[in-house]
């Protein structure tokens, strides 16, 4: 077994995503020698994928609304955002020579919309400050002394020693082909660290079953200009019909409570408003108008503009007695029940929930049970919607963990 060793004031960062790289930067700026280890051939792979269609770095909304996006974990995430939130993240990007702008939705993007130039500039600055990178090193746990770190690479097993602080930024369990596979969870459990199972977040869901006709004709079709309601959630947007169910931004936004309800009850019924721009009174009046010899489909199209996948979904989900009752049909157009029975696998999700419990860590994100070991990023037990909130909290947690580790 090869051994890597060096003197004091040395930190090991395991994981080369935004949280790990931010921790490495903070540690390096504090005069600590930093070695970053990552299982992949290069760092920031999920970060680059996130920027493939335009890097949504953060969001411009006011702090109160921003912090509320973290739901039940707001109490844990908000102090980090106060130290390194959206404004600080934009200033930081500017320091790398990357200007940002606010889009029409309030989301913040680099002016060139790309992730690669930012990552290249960041890595150049990190290397310039002495940060060393060790690729294709998969962390497999601790040495017998509980301090040294074990890795495997193409040459075999590697034992890393001589460090006096560690930051773990190993990601969640979504996109395992990019390195986030959740394999670290049992390693922490074996050391007595409290963790929650990793589950899909910002994910699609399966229905009990589409009919063969509906699936073959409409799988892949977007549902535009609709609203989705579930418990306290109500939001307009769009999603996509899939072979097994539904996915897309509007579904992702409600995925946390929907997933938890399915886990508790075996299913979750969401309600779709197919005409959110119209009130029930208007819809009811138009549906009830005499249609003469026209078919119901023609009537709905001419009076309400309902056709295509929206009209088909009504026929897919409603019994015939409702379809042919004007009042009930109007109510269904405004609140169409859709029964979801299963989240799609975590490997397909945008992100994951679960991970290291905040109660298992100090305010500086150091593990109570393993002093000198800090955790950051998506491996912590939190979740957030897309829109820049995921990335911002990853950066913020890396910033906090890096400062706490530097001050140890």
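Numbering (UniProt numbering), first residue to last: 1 to 408. A virtual CB, placed ideally from N, CA and C, is assigned to each residue, including glycine.
Where the beta strand (DSSP E) containing residue 340 begins and where it ends: Stepping through the chain shown from its first residue, residue 340 is reached at position 340. The continuous beta strand (DSSP E) containing residue 340 extends over residues 336 to 343.
Just to confirm, is the Cβ distance from residue 89 to residue 58 under 8 Å? Along the chain shown, read from residue 1 onward, the residue named residue 89 stands at position 89. Along the chain shown, read from residue 1 onward, the residue named residue 58 stands at position 58. Contact: yes.
Under 8 Å, do residue 132 and residue 151 count as touching if we go by C-beta distance? The residue labelled residue 132 in the question sits at position 132 within the chain shown. The residue labelled residue 151 in the question sits at position 151 within the chain shown. Contact flag unset, no.
Whole-number beta carbon distance between residue 304 and residue 286, since they are thought to touch under 8 Å: Your numbering for residue 286 matches position 286 in the chain shown. Your numbering for residue 304 matches position 304 in the chain shown. Distance from residue 286 to residue 304 at the Cβ level is roughly 5 Å; contact confirmed, criterion being Cβ atoms closer than 8 Å.
For residue 101, which beta-bridge partners are listed by DSSP? Position 101 of the chain shown holds residue 101. DSSP, once it has assigned bridges, lists 109 as partnering residue 101.
From residue 62 to residue 392, what does the alpha carbon distance come to, in whole angstroms? Here residue 62 corresponds to residue number 62 of the chain shown, with the count starting at 1. Here residue 392 corresponds to residue number 392 of the chain shown, with the count starting at 1. Our two residues, residue 62 and residue 392, have alpha carbons roughly 14 Å apart in a direct line.
Within the present structure, is the beta-carbon of residue 157 separated from the nearest heavy atom of the ligand NAP by less than 7 Å? This structure does not include the ligand NAP; it has no bound ligands of any sort.
Determine the direct distance from the alpha carbon of residue 256 to that of residue 6, and round the result to whole angstroms. Translated into the one-based positions of the chain shown, residue 6 becomes position 6. Translated into the one-based positions of the chain shown, residue 256 becomes position 256. For residue 6, the pLDDT reaches just 44, beneath the cut-off of 50, and the residue's location in the model is therefore unreliable, leaving the point undetermined.
Residue 195: which of 375, 128, 130 and 269 sits nearest, CA to CA? Working through the chain shown from its first residue, we reach residue 195 at position 195. Ranking 375, 128, 130 and 269 by Cα distance to residue 195 puts 375 first.
Can the beta-carbon of residue 395 be found closer than 8 Å to that of residue 19? Residue mapping note: residue 395 aligns to position 395 of the chain shown, counting from 1. Residue mapping note: residue 19 aligns to position 19 of the chain shown, counting from 1. For the pair residue 395 and residue 19, the CB atoms are nearer than the 8 Å cut-off.
Among 344, 289, 294 and 330, which one has its Cα closest to the Cα of residue 259? Reading the chain shown from its first residue, position 259 is the one you call residue 259. It is 344.
CA-to-CA distance, residue 263 to residue 174, given in whole angstroms: As a first step, residue 174 is located in the chain shown; it is residue number 174 there, counting from the start. As a first step, residue 263 is located in the chain shown; it is residue number 263 there, counting from the start. Cα-Cα distance, rounded: 19 Å.
Indicate the three-state DSSP secondary structure (helix, strand or coil) for residue 135 in the structure shown. Here residue 135 refers to the residue found at position 135 when the chain shown is read from its first residue. In this structure, residue 135 counts as coil in the three-state DSSP scheme.
Alpha carbon to alpha carbon, what distance is there between residue 167 and residue 11? On the chain shown, residue 11 is found 11 positions in, with the first residue counted as 1. On the chain shown, residue 167 is found 167 positions in, with the first residue counted as 1. Per the coordinates, the alpha-carbon of residue 11 lies some 8 Å from the alpha-carbon of residue 167.
C-alpha gap between residue 390 and residue 365, whole angstroms: The residue given as residue 390 occupies position 390 in the chain shown. The residue given as residue 365 occupies position 365 in the chain shown. Taking the straight line joining both Cα atoms gives about 17 Å.
Residue 361 and residue 169 look like a contact to me (Cβ under 8 Å); what is the Cβ gap, rounded to whole Å? As a position in the chain shown, residue 361 is number 361, starting the count at 1. As a position in the chain shown, residue 169 is number 169, starting the count at 1. Beta-carbon to beta-carbon, residue 361 and residue 169 are separated by about 13 Å, too far to satisfy the 8 Å threshold.
Taking 8 Å as the cut-off, decide whether the C-beta atoms of residue 313 and residue 336 are in contact. Residue numbering aside, residue 313 sits at position 313 when the chain shown is read from its first letter. Residue numbering aside, residue 336 sits at position 336 when the chain shown is read from its first letter. Between residue 313 and residue 336, the C-beta spacing is below 8 Å.
What does the alpha-carbon distance come out to for the pair residue 278 and residue 244? Counted from its first residue, the chain shown places residue 278 at position 278. Counted from its first residue, the chain shown places residue 244 at position 244. When rounded, the separation of the alpha-carbon atoms in residue 278 and residue 244 is 29 Å.
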